[in-house]
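**Q** Handing you a structure now.
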Amino acid sequence: MKLSHVPSGAYYISKLNLTPSQCCTSSPDVNARQLKELTGFTAAILDDHSSGLTRVVNSVDKVDDINMKSKHAVVYRAIQEVKASLTVSPEVEYSLLPGFMEAFAEANPGSRVCLELDSRNSLVRIQDAILPVWEVDERT
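In case it helps, the UniProt record's numbering puts the sequence shown at residues 1 to 140.
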């Protein structure tokens, strides 16, 4: 018989009907884009912690129940893409700070804000002094 190897009570997947069944032992095949969206992957990638292969694979295995131990290339690719997006240059990171401090000074009239910018108009140093408005100051 053609299906004699299939135990009784089990489902058989034919090529015409490719749907999972009771005896299906396949695991999901995740690509790098899908891996980056998994909760276990995002929990394993932190700025100040190790984002090594073992840590990421174990996190995805425990949180999302997906075994990525044999998919080293996919995991490395996803880690590198996420780390590249996390890396921000200091010029970009601090570019909005002078405008924020000027808005802070305008919103808080009793405060003093000092910004030191270099020749490229980049922030070098910042100092602020938040002072209360005393009752005496309001009368003058």
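Just so it is clear, CB atoms sit at the ideal spot from N, CA and C, and this is done for glycine as well.
Kindly indicate which residue of Val30, Ser8 and Leu46 has the alpha-carbon position closest to the one of Val82.
**A** Residue numbering aside, residue 82 sits at position 82 when the sequence shown is read from its first letter. Of Val30, Ser8 and Leu46, the residue nearest in Cα terms is Leu46.
**Q** Kindly provide the ranges of any alpha helix (DSSP H) runs that are 4 or more residues long and lie completely inside the segment 21 to 109, ordered along the chain.
**A** Within the segment 21 to 109, the complete alpha helix (DSSP H) runs of at least 4 residues are 32 to 36, 39 to 44, 53 to 64, 72 to 86, 90 to 93 and 97 to 107.
**Q** How many angstroms separate the CA atom of Lys69 from the CA atom of Ser119?
**A** For the purposes of this step, residue 69 is taken as residue 69 along the sequence shown, with counting starting at 1. For the purposes of this step, residue 119 is taken as residue 119 along the sequence shown, with counting starting at 1. Approximately 51 Å, taken between the alpha carbons.
**Q** How many Å lie between Val30 and Ser111 at the Cα?
**A** Here residue 30 refers to the residue found at position 30 of the sequence shown. Here residue 111 refers to the residue found at position 111 of the sequence shown. Taking the straight line from one Cα to the other gives about 54 Å.
**Q** Could you check which residue in Val74, Phe104, Gly99 and Gly9 has the C-alpha nearest to that of Ser122?
**A** The residue you call residue 122 lines up with position 122 of the sequence shown. The option with the nearest alpha carbon to Ser122 is Gly99.
**Q** So, does the segment 100 to 108 touch the segment 56 to 63, judging by three or more C-beta pairs under 8 Å?
**A** Judged by Cβ distances under 8 Å, the segment 100 to 108 makes no contact with the segment 56 to 63, as fewer than three pairs qualify.
**Q** In whole angstroms, give me the CA-to-CA distance for Ser50 and Leu115.
**A** Position 50 of the sequence shown, counting from 1, holds the residue named residue 50. Position 115 of the sequence shown, counting from 1, holds the residue named residue 115. Cα to Cα, the separation comes out at about 35 Å.
**Q** Put Val124 into one of helix, strand or coil per three-state DSSP.
**A** Taking the sequence shown and counting its residues from 1, the one referred to as residue 124 is at position 124. Note: Val124 maps to strand in three-state DSSP.
**Q** Going by Cα to Cα distance, which pick from Ser85, Leu86 and Leu35 is closest to Leu72?
**A** As a first step, residue 72 is located in the sequence shown; it is residue number 72 there, counting from the start. Here residue 72 turns out to be His, not Leu, going by the sequence shown. Of the candidates Ser85, Leu86 and Leu35, the one whose C-alpha sits nearest the C-alpha of His72 is Leu35.
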